[in-house]
Structure formats: structure tokens, C-alpha cells
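In the working numbering, the protein residues as written are 214 to 287. Here the structure comes first, spelled out in C-alpha cells, and everything after it is commentary.
So this is what it looks like as C-alpha cells:
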């Protein structure tokens, strides 16, 4: 597999949640982000989810997610 780096910026609340999760799970940032990405991809690959547009997807994640709403983090 040809691996590539991903760089992104996050809001203050997202940055705080990231560091809280790192402390809680005692893992590296790469491990935590990999787990989060794999979890999201498993969710997004569900047939009922894959048919949603971006706005419906955000609404669904906000309704079922355990964290703050997307609008509070972006």
C-alpha cells in the first residue's frame, strides 16, 4: 500500500476533544485518527447512509453521534 500523509486544521473545540481523547485512550494521534476514520467509513458504507447528500449526512451524524453537533465544532 502506498501511504500518504493527511494534514488538516481543526477548531478549538475539536482540538480540545482530540487531546481529551488521546489522554483517555492512551494512544497516538495517528492511532486515534485512524480509528475514527475507519469508524466513519464503516458508517458511511452502509447502504442507507451512502445515499444521503452532505447535508443529510451531517444531520444524521448530529442526531446519532455522542459528541457536540457539527455546527458547534466547525
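Virtual Cβ for every residue (Gly too), placed ideally from N, Cα, C.
Original post:
In this structure, does DSSP put residue 260 in helix, strand or coil?
Top reply: It is helical.
**OP:** Could you give the DSSP three-state label for residue 226: helix, strand or coil?
**Re:** In the structure shown, residue 226 falls within a helical segment according to DSSP collapsed to helix, strand and coil.
Original post:
Excluding sequence positions up to five away, which residues of its chain have a Cβ less than 6 Å from the Cβ of residue 231?
Top reply: So no residue of the chain qualifies.
Original post:
Could you give the distance in angstroms between the alpha-carbon of residue 261 and the alpha-carbon of residue 278?
Top reply: Each residue's alpha carbon lies about 16 Å from the other.
Subject >> Nearest-angstrom Cα separation, counted from residue 258 out to residue 222 >> reply: Whole-angstrom Cα-Cα distance: 25 Å.
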